[in-house]
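Student: Below: one structure in structure tokens.
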Amino acid sequence: MKKSIILVAFALLTAVSCVNNKPSNALLPNVSGKAGEVLVIMDKADWEGNLGTEVRSVMGAPTPFLPQEEPLFSMVNVSKSGFSQMFKMHRNVLYFDIDPQITSSGVQLKENIWAFPQCVVQVNAVNADSASSIFKRNSELIANSIEQAERNRIINNAIKYENKPLGEAVAQVTGGTMHFPDGYKLLKKTDSFVWIADVKQYTNQGVIVYKYPVTGDDSFLKEKLLSKMDEVMKSEVPGMFDDTYMVTSTYEDPSLKFIKYKGLDFAEIRGFWEVHNDFMGGPFVSHSFYSKDGKDIIVLEAFVYAPKFDKRQYLRQVESLLYSFSWVSEAKKE
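Taking this note's numbering, I'd label the letters of the sequence shown as residues 4 to 337.
Listed below in structure tokens is the structure:
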């Protein structure tokens, strides 16, 4: 993207050490725990004090742009003395090592220590106040690391049970491929548009991919991205009845931020969609970026319709597929 655009790095690695002292993944048991769940290892007094309050304010903050309030992560607190082998197999572990004898305070990101595929974040501090300060300073990194670990599990599962023709359909439009698991089906395709979805009786997890020519230096203004999104949705995503079609909802102003992930710079928009002249709607997230040759804007959009259910995990599942995008030329090298 243009130099004038401020990019938000996906992982802020300053002052964080990464540890890789794990055994072979083949020798590790599979992780336990529910999707989106984080095991917080912290003594009860700290959990009920300022430190626990700080952790809950970040990890339990409302997930943005969901119609019903749902926390970013579900948390389970376990004391250090109760952190047995059973708990060590959990998928996401946030471990607070608080000890006056600590000589090096800070955050360590670890993976696959006791199970696979596991994310372990360890905060080392001499006391609870120091731990709270360290956590607050690195809260974005910690939350993003666990979020990406959740996404990576979904992507790996998609690769394991991949419906490869769907990725090929995306490649024909964009020059980049994505990984879709069984259950997703191709609903519509043109030279510049692809609609792929997993439609069940009460849920719809969809991915819409499209491209259009770059028209100026203001291509990534939120208003311009949203205007193009509505234009494409009206043309390509009809509703069930006459004069119904998908549009961006005005219920809440969508958010925009710029992210760099695995060498790809993109504009992320989060918001709500609805169907014009109907009563359907739900959350969406989109990634917009330049094509490989810089002549087009490519948009990957994930959306969810699940009126009977909580939507955090449905959105996380389909949003993760956007993060599986890679240029075909680069994917062949992996």
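Even glycine gets a Cβ: it sits at the ideal position worked out from N, Cα and C.
Rounded to whole angstroms, what is the Cα-Cα separation between Asn77 and Ile149?
Tutor: A small fix is needed here, since residue 77 is Ser in this sequence, not Asn. When rounded, the distance between both Cα atoms is 12 Å.
Student: To the nearest angstrom, report how far apart Pro168 and Val331 are at their CA atoms.
Tutor: Near 14 Å, if we compare the C-alpha coordinates of Val331 and Pro168.
Student: Rounded to a whole number of angstroms, what is the C-alpha to C-alpha distance between Ser294 and Val321?
Tutor: Rounded to whole angstroms, Ser294 to Val321 spans 22 Å at the Cα level.
Student: Quick one: what's got a C-beta closer than 7 Å to Asn80's C-beta in the same chain, skipping five residues either side?
Tutor: Result list for Asn80: Val43, Met45 and Trp50, in chain order.
Student: So, with DSSP's three-state summary, where would you put Trp50?
Tutor: Three-state DSSP puts Trp50 in a helix.
Student: Tell me whether Asn127 sits in a helix, a strand or coil according to DSSP, three-state version.
Tutor: Here Asn127 sits in strand by DSSP.
Student: Is it true that the CB of Tyr213 sits closer than 8 Å to the CB of Ala200?
Tutor: Not in contact: Ala200 and Tyr213 (Cβ atoms no closer than 8 Å).
Student: Can you give the Cα-Cα distance for Lys265 and Thr56, rounded to whole angstroms?
Tutor: Cα to Cα, the separation comes out at about 33 Å.
Student: Is there contact between the region 237-248 and the region 277-293, where contact requires at least three CB pairs shorter than 8 Å?
Tutor: Judged by Cβ distances under 8 Å, the region 237-248 makes contact with the region 277-293, as three or more pairs qualify.
Student: Name the two residues that bound the continuous beta strand (DSSP E) containing Tyr308.
Tutor: Start and end: Asp299 to Tyr308.
Student: Per DSSP, which one or two residues make a beta bridge with Asn80?
Tutor: Answer is Val43, bridged to Asn80.
Student: Enumerate in chain order the residues of its own chain whose CB-to-CB distance from Asn160 is below 7 Å, with the five nearest sequence positions on each side excluded.
Tutor: Excluding sequence neighbours, Asn160 sits near Pro184.
Student: Return the Cβ separation of Leu75 and Ala146 in integer angstroms, given the expectation that the two are a contact with Cβ distance under 8 Å.
Tutor: With 8 Å as the limit, Leu75 and Ala146 qualify as a contact, their Cβ atoms being about 7 Å apart.
Student: Can you name, in chain order, every residue of its own chain whose Cβ lies under 8 Å from the Cβ of Glu171, other than the five neighbours on each side?
Tutor: Here the set comprises Thr180.
Student: Could you pull the start and end residues of the beta strand (DSSP E) that Met249 belongs to?
Tutor: First-last of the beta strand (DSSP E) with Met249: Met249 to Thr251.
Student: Determine contact between the region 102-122 and the region 27-39, defined as no fewer than three beta-carbon pairs at a distance below 8 Å.
Tutor: The region 102-122 is in contact with the region 27-39.
Student: Which stretch, first to last residue, makes up the alpha helix (DSSP H) that contains Arg154?
Tutor: First-last of the alpha helix (DSSP H) with Arg154: Ser142 to Lys163.
Student: Whole angstroms are fine: how far does the CA of Val124 sit from the CA of Gly52?
Tutor: Between Gly52 and Val124, the C-alpha separation is close to 20 Å.
Student: With Asp233 as the anchor, note down where its beta strand (DSSP E) starts and where it stops.
Tutor: Looking at the DSSP string, Asp233 is not in any beta strand (DSSP E); the run it does join, the alpha helix (DSSP H), is Lys225 to Glu239.
Student: Helix, strand or coil for Ser332 per DSSP?
Tutor: Helix at Ser332.
Student: Rounded to the nearest angstrom, what separates Asp268 and Ile158 at their Cα positions?
Tutor: Their backbone Cα atoms lie some 19 Å apart in a straight line.
Student: Grouping DSSP H, G and I as helix and E and B as strand, with all else coil, what is Gln111?
Tutor: In the structure shown, Gln111 sits in a strand (DSSP, three-state: E or B).
Student: Give the C-beta separation of Asn130 and Ile101 to the nearest angstrom, bearing in mind that I take them to be a contact with Cβ-Cβ under 8 Å.
Tutor: Yes, they are in contact, since the Cβ atoms of Asn130 and Ile101 sit about 6 Å apart, within 8 Å.
Student: Kindly list the residues whose CB is nearer than 8 Å to the CB of Arg154, restricted to its own chain and excluding five residues on each side of it in sequence; keep chain order.
Tutor: Hits under 8 Å: Arg319, Glu322, Ser323 and Tyr326.
Student: Can you give me the start and stop residues for the beta strand (DSSP E) that Pro67 sits inside?
Tutor: Run containing Pro67: none; DSSP gives neither H nor E here.
Student: Would you kindly work out how many angstroms separate the C-alpha atoms of Ala174 and Ile301, rounded to a whole number?
Tutor: Cα to Cα, Ala174 sits roughly 11 Å from Ile301.
Student: Is the beta carbon of Phe86 closer than 8 Å to that of Val126?
Tutor: No, these two residues do not count as a Cβ contact at 8 Å.
Student: Put Asn207 into one of helix, strand or coil per three-state DSSP.
Tutor: It is a strand residue.
Student: Would Leu69 pass as a contact of Pro216 if the rule is Cβ separation under 8 Å?
Tutor: No.
Student: Which residue wins for smallest C-alpha separation from Ala136, given the options Gln88, Leu144 and Gly109?
Tutor: Here residue 136 turns out to be Ser, not Ala, going by the sequence shown. Comparing Cα positions, the closest option is Gly109.
Student: Tell me the DSSP secondary structure of Asp201 in three-state form.
Tutor: Reduced to three states, the DSSP call for Asp201 is strand.
Student: Considering only C-alpha positions, which residue in the set Val210, Asp245 and Pro257 is nearest to Ser230?
Tutor: Among Val210, Asp245 and Pro257, the Cα nearest to that of Ser230 belongs to Pro257.
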